[in-house]
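Residues in the sequence shown are numbered from 24 upward in steps of one, following the numbering used here. Built from N, CA and C at the ideal position, the CB exists for glycine as well. Note that the structure is predicted; figures quoted are calculated from it, not measured. This report concerns only the one structure given below.
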Amino acid sequence: MAEAFVGTWNLKESKNFDEYMKALGEYEREQVLERACCRWCVLAHDTALRALKRPSGGEKANARLFCAENWTPCGTAGVGFATRQVGSMTKPTTIISLEGDVITLKTVSTFKNTEIKFKLGEEFDETTADDRKVKSLVTIDGGKLVHVQKWDGKETTLVREVSDNSLTLTLTLGEVICTRSYLKAE
């Protein structure tokens, strides 16, 4: 059944992707509050996020932040958020291949390329395009390729469905639903 998904798929249209990315960003803010080593790190993170919302603020978010109290690298910088902002503007191509019982899913864009290999029904570690470290499980359910990602008590589902030469990717995170439509390359 996985054979139906094999091919090169070019993004044609995306609906509600910004809201999906924003929902991921809200989870990042919760993570900052939980992991920040001091109040200055939270302040620095919030400043970086505000800088990203200004038209010329993109470069500032790439700076490496250091804890103001002990001058060690701080893991709360808004880099993941910056990655998501740029990622939402790209038009990725998805390449799905099958070798034996191993599925390879590559996402290629001018911004970032990712590749995961997995077997249906077997959990695996994945680093997402926005740098989340997740536990993933991919199954086929009713002709749909269902990809569940779990991290830090959170969960998102990516469902791929093929119809003729079209692939629809539905991303769900809580109440937020995004659809991305792809056309099969000739």
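| Asked | Found |
| --- | --- |
| Report yes if the CB atom of G166 is closer than 8 Å to the CB atom of M24, and no otherwise. | yes |
| Can you tell me whether T228 is buried or exposed, with buried defined as 16 or more other CB within 10 angstroms of its CB? | The question about residue 228 has no answer here: the residues shown for the chain are numbered 24 through 209. |
| For D153, count the other beta carbons within 10 Å of its own beta carbon; 16 or more makes it buried, fewer makes it exposed. Which is it? | buried |
| Going by beta-carbon coordinates alone, are L181 and I163 separated by less than 8 Å? | no |
| Can you tell me whether L121 is buried or exposed? The criterion is at least 16 other CB atoms within 10 Å of its CB, across all chains shown. | exposed |
| Could you have a look at F40 and say whether DSSP puts it in helix, strand or coil? | helix |
| Only counting runs of 3 or more residues, tell me where the beta strand (DSSP E) segments fall wholly within the stretch 118-145, in order along the chain. | 125-131 and 137-142 |
| Below 7 Å CB to CB, which residues in the same chain sit around N93 once its five sequence neighbours on both sides are set aside? | The pLDDT assigned to N93 is 41, lower than 50, so where the model puts this residue is not dependable; a value taken from the coordinates is nonetheless given after this. Nothing meets the Cβ criterion. |
| Let's test the definition: count the other Cβ atoms within 10 Å of the Cβ of T150 and tell me whether it reaches 16, buried, or not, exposed. | exposed |
| Can you name, in chain order, every residue of its own chain whose Cβ lies under 8 Å from the Cβ of A208, other than the five neighbours on each side? | G30, T31, W32, N33 and T116 |
| So which of D41, I139 and E42 has the shortest CA-CA distance to K129? | I139 |
| Leaving out the 5 sequence neighbours to the left and right, which residues in its chain are closer than 6 Å to S204 when beta-carbon positions are compared? | K35, E36 and T191 |
| For C201 and T113, I'd like the C-alpha separation in whole angstroms. | 15 Å |
| Since I believe L206 is in contact with S189 (beta carbons under 8 Å), could you give me their beta-carbon distance rounded to a whole number of angstroms? | 6 Å |
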